[in-house]
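First the structure, in the form of structure tokens, and then the observations on it.
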Amino acid sequence: MNRFALFCLLLLLPVATIPAQEARLNVVVFGAHPDDCDLDAGGTALLFSSLGHRVKFVSMTNGDAGHYELDREALSAVRRQEAAEAGKRFGVTYTVLDNHDGELVPSLENRMQVIREIRSWDADIVIAPRPNDYHPDHRYTGVLVQDAAYMVIVPSVAPDTPPLKKNPVFLYSADHFQKPSAFEPHIAVDIGPVFEKKIYALAAHASQFFDWLPWTMGQLDQVPESEAERLEYLAKWRAAAPDSATRKSLEKWYGPRGSRVAHAEAFEVCEYGKQPTDEEIRRLFPMLQP
Ligand SMILES: [Zn+2]
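Heads up, the sequence shown is in numbering that gives the first Met the number 0, so the first residue is 0 and it goes up one at a time.
Structure below.
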């Protein structure tokens, strides 16, 4: 292709609008294992990154317990590589902290680490699981992030990293646990436009979705071989059809078209961070367009 043809082609390519520095949003998502942020907020992250905003995923553990053949050392190397590839596919920065899988505790040291991650990302939005969950690592990730909310603005705490000037909005990612209270989808994001991309990015965690999790369910023999069939398998398994409460939230944020959304991710506002008005939520989630 000659230079003129290349120039013409470039003119035809859609160019993502890069928001001005002051309008750029910084989003940080915490998960216990390398694949949790992806499952909880991967579609939303893809939408943020496609709009030119900055997203970071932080896995609180290195995921080194989730396999039936690989030992901890070999598995942690595999999972770190998979997370790096997933980060590329999602368009996010992916950090994997070196805590052992299955052994995360809400220690002061881990709290300081969470505070530093939020501050150094200059976060506007922080997303994490609720501390009600079947898995202790998920529960303690929720506790650690709750414990960091508010502390991120206190200069004397973790003084090696400058405090944030404003407390960010802290959000919980969705779950199905009912006690002591059910998850409330205050914000619901239509991820239909990026659902296939989310599945492709999730598939980077091959040791989880095609080895470990099917093995725990006694379904290892049902995992297909080819990449195309694996993506189809994962898309069926990880379809994110909204429940009735999420549907109501979609209708609130998207108007009538909210009733037709096929795949969604939802978030609940945590009481310990900034309490946003609806108008502020629309600014923080620019993809919520009727
Ligand atoms: Zn997990």
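C-beta: ideal position from N, C-alpha, C; glycine also.
| Query | Result |
| --- | --- |
| With hydrogens ignored, establish whether the beta-carbon of Ala85 is closer than 7 Å to any heavy atom of ligand 1. | no |
| Looking at ligand 1, does it come within less than 7 Å of Asp210, judged from the CB to the closest heavy atom? | no |
| For Met286, which of helix, strand or coil comes out of DSSP? | coil |
| Kindly list the residues whose CB is nearer than 6 Å to the CB of Val54, restricted to its own chain and excluding five residues on each side of it in sequence; keep chain order. | Val26, Ala44, Phe47, Ser48 and Val91 |
| Indicate, with yes or no, if ligand 1 has a heavy atom lying under 7 Å from the CB of Ala31. | yes |
| Please classify Leu143 as buried or exposed, where buried requires at least 16 other C-beta atoms within 10 Å of its C-beta. | buried |
| If you draw a straight line from the C-alpha of Glu72 to the C-alpha of Leu103, how long is it? | 17 Å |
| Of the choices Gln288, Pro289 and Glu279, whose alpha-carbon is the least far from that of Ala22? | Glu279 |
| Leaving out the 5 sequence neighbours to the left and right, which residues in its chain are closer than 6 Å to Asp34 when beta-carbon positions are compared? | His204 and Gln207 |
| Less than 8 Å separating the beta-carbons of Ile190 and Arg237? | no |
| Which term fits Thr215, buried or exposed, when burial requires 16 or more other beta carbons within 10 angstroms of its beta carbon? | exposed |
| Out of Pro161, Pro162 and Ile186, which has the shortest C-alpha to C-alpha gap to Ser172? | Ile186 |
| Could you tell me whether the stretch 252-266 touches the stretch 162-180, using the rule of 3 or more Cβ pairs below 8 Å? | yes |
| My output table needs one value for Arg281: the three-state DSSP class, helix, strand or coil. | helix |
| Check whether the Cβ of His185 sits closer than 7 Å to any heavy atom of ligand 1, and report yes or no. | no |
| Are there 16 or more other CB atoms within 10 angstroms of the CB of Gly217, so buried, or fewer, so exposed? | exposed |
| Nearest by alpha-carbon distance to Arg118: which of Gly254, Ser258, Asp159 and Leu74 is it? | Asp159 |
| From Ala240 to Pro285, what does the alpha carbon distance come to, in whole angstroms? | 22 Å |
| Quick one: does the C-beta of Asp35 sit closer than 7 Å to a heavy atom of ligand 1? | yes |
| Only counting the same chain, and skipping five residues up and downstream in sequence, which positions put a Cβ closer than 7 Å to that of Ile124? | Leu24, Val26, Pro167, Val168, Leu170 and Leu283 |
| For Phe56, which residues does DSSP report across the bridge? | Val28 and Tyr93 |
| For Ile109, name the three-state secondary structure that DSSP assigns. | The sequence shown places Asn at residue 109, not Ile. Three-state DSSP puts Asn109 in a helix. |
| Using only alpha-carbon positions, find the residue among Pro223, Ala83 and Glu231 that is nearest to Val57. | Ala83 |
| In chain order, what residues of the same chain lie with their CB nearer than 6 Å to the CB of Ala148, ignoring the 5 residues before and after it? | Phe169, Tyr271 and Gly272 |
| Kindly indicate which residue of Asp277, Pro213, Leu287 and Val260 has the alpha-carbon position closest to the one of His66. | Pro213 |
| Based on DSSP bridge pairs, tell me the residues matched to Asp189. | Ala263 |
| List the endpoints of the continuous alpha helix (DSSP H) containing Leu170. | That residue, Leu170, is in no alpha helix (DSSP H); its beta strand (DSSP E) goes Val168 to Ser172. |
| Which of the three DSSP states is assigned to Val153 in this structure? | coil |
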